[in-house]
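Chains as they are written, first to last, in the working numbering: chain W, 1 to 163; chain X, 1001 to 1224.
In this text, a Cβ means the ideal position worked out from N, Cα and C, and glycines have one as well.
The model shown is predicted, which means the values in this text are computed figures rather than measured ones.
In what follows, a structure is listed as structure tokens, so that the remarks can point back to it.
Below you can see the structure in the form of structure tokens.
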């Protein structure tokens, strides 16, 4: 009987050890996913800047108290929040790309046929370019151009002076 | 960590077994140096000024994609801290540079030497009073009822929070506060410079951070 008890204890210890090894492997995998997602989030946020904030809304700390060893559930929460944040940032980047593409098409149309887009404006910022320039369809020679149908696209440059 | 060609003055700290199993590449490396006090000498101020001119907005934005700062961000996430709420040390230093227009100048020579090591390598370095320690330093989670420091100014520690500890107890919170009485002060004769290595940070960066701090302090000595 004693021999059987010892064997049963060994079996239990072996199963507990195996379960702990599985949990550890799961935590390792979650940490790998977190590292991957953090890299992706950094890439997307840097690509979004300056249209989006680098620090963004954040994914929130799991513990307010500082670094510690997280259990499986906590690691899953970090991974899920991070994945949500990456998805949100990617959606913002896609929307930004679409807005800029629309603005570029609009500018091309203005350049091809200024008369059909009278007083239309496209800012450099809308194109994803730096500076405060604005492309605008304006009449050549003012009122004369407006009456004669002489339209052109002009780029106003320079940022407004700060007051 | 490879010992190939490594200076024997660098000491590896211990890492608690469970913590080491969770973070196999986590390491604490330290170096004891003679203490220095007072204002930052002109040479170190000049190095920080040159460093300031290398860090502009574009570099600050890209910083999180650089390997070493990115590794600390990942460690923060894996340890339950949001690095966008509680910035990693190097990001905090760079944001401060952008706001204030320069690195350093707020503290004395020790703070500026640590800042130099941090900004040059991305590896955070702390200084402790070497005379106040009890045995080798290591990393472990705080235990139930432990406090940071002794007596009245000691702060409560949440159980499980990662701390730097010696045989007597926690001497600093990992990436956080130093226990009252363990900070370098006027009475310190030797300092222990400590750096934490995490996954993705090559050992050479950690060693370089420590040597940069040590050399900056040495150069500032009367005979340096």
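I'd like to know whether the C-beta atoms of residue i and residue j end up nearer to each other than 8 Å.
i: residue 1116 of chain X; j: residue 1044 of chain X; result: yes
i: residue 157 of chain W; j: residue 133 of chain W; result: yes
i: residue 95 of chain W; j: residue 48 of chain W; result: no
i: residue 1085 of chain X; j: residue 1073 of chain X; result: no
i: residue 1206 of chain X; j: residue 1123 of chain X; result: yes
i: residue 1103 of chain X; j: residue 1119 of chain X; result: yes
i: residue 1143 of chain X; j: residue 1159 of chain X; result: yes
i: residue 1184 of chain X; j: residue 1129 of chain X; result: yes
i: residue 1108 of chain X; j: residue 1038 of chain X; result: yes
i: residue 1210 of chain X; j: residue 1195 of chain X; result: yes
i: residue 192 of chain W; j: residue 75 of chain W; result: For chain W, the structure presents residues 1 to 163; residue 192 of chain W sits outside this window and is missing.
i: residue 1168 of chain X; j: residue 1141 of chain X; result: no
i: residue 1114 of chain X; j: residue 1126 of chain X; result: yes
Helix, strand or coil: which one does DSSP assign to residue i?
i: residue 1190 of chain X; result: strand
i: residue 1156 of chain X; result: strand
i: residue 1199 of chain X; result: coil
i: residue 1069 of chain X; result: helix
i: residue 1166 of chain X; result: coil
i: residue 139 of chain W; result: strand
i: residue 1042 of chain X; result: helix
i: residue 1007 of chain X; result: coil
i: residue 35 of chain W; result: helix
i: residue 1012 of chain X; result: strand
i: residue 29 of chain W; result: helix
i: residue 157 of chain W; result: coil
i: residue 134 of chain W; result: strand
i: residue 1226 of chain X; result: Residue coverage of chain X in this structure runs from 1001 to 1224, which leaves residue 1226 of chain X outside it and unanswerable.
i: residue 48 of chain W; result: helix
i: residue 123 of chain W; result: strand
i: residue 1106 of chain X; result: coil
i: residue 1001 of chain X; result: With a pLDDT of 46 at residue 1001 of chain X, under the threshold of 50, the predicted position of this residue should be treated as unreliable, though the coordinate-derived value follows. The answer is coil: DSSP assigns residue 1001 of chain X none of H, G, I, E or B.
Specify, as a first and last residue, the run of the beta strand (DSSP E) that residue i falls within.
i: residue 1211 of chain X; result: Looking at the DSSP string, residue 1211 of chain X is not in any beta strand (DSSP E); the run it does join, the alpha helix (DSSP H), is 1203-1219.
i: residue 1129 of chain X; result: 1125-1129
i: residue 145 of chain W; result: Not the beta strand (DSSP E): residue 145 of chain W falls in the alpha helix (DSSP H), residues 143-148.
i: residue 1138 of chain X; result: 1138-1141
Distance check for residue j and residue i, CA to CA, integer angstroms please.
i: residue 1171 of chain X; j: residue 101 of chain W; result: 56 Å
i: residue 1112 of chain X; j: residue 1071 of chain X; result: 23 Å
i: residue 86 of chain W; j: residue 99 of chain W; result: 20 Å
i: residue 68 of chain W; j: residue 1214 of chain X; result: 29 Å
i: residue 1081 of chain X; j: residue 66 of chain W; result: 6 Å
i: residue 1192 of chain X; j: residue 1031 of chain X; result: 6 Å
i: residue 44 of chain W; j: residue 126 of chain W; result: 19 Å
i: residue 1028 of chain X; j: residue 1212 of chain X; result: 17 Å
i: residue 1018 of chain X; j: residue 97 of chain W; result: 46 Å
i: residue 1155 of chain X; j: residue 131 of chain W; result: 50 Å
i: residue 118 of chain W; j: residue 129 of chain W; result: 23 Å
i: residue 24 of chain W; j: residue 14 of chain W; result: 15 Å
i: residue 1092 of chain X; j: residue 1060 of chain X; result: 10 Å
i: residue 70 of chain W; j: residue 1135 of chain X; result: 28 Å
i: residue 10 of chain W; j: residue 41 of chain W; result: 46 Å
List the endpoints of the continuous alpha helix (DSSP H) containing residue i.
i: residue 1093 of chain X; result: 1089-1100
i: residue 1020 of chain X; result: 1017-1022
i: residue 1118 of chain X; result: 1109-1121
i: residue 105 of chain W; result: 72-112
i: residue 1059 of chain X; result: 1057-1062
So does residue i have its beta carbon nearer than 7 Å to some heavy atom of the ligand ATP?
i: residue 129 of chain W; result: This structure does not include the ligand ATP; it has no bound ligands of any sort.
Could you say if the region 30-37 of chain W and the region 1040-1054 of chain X meet the contact criterion of at least three C-beta pairs nearer than 8 Å? no
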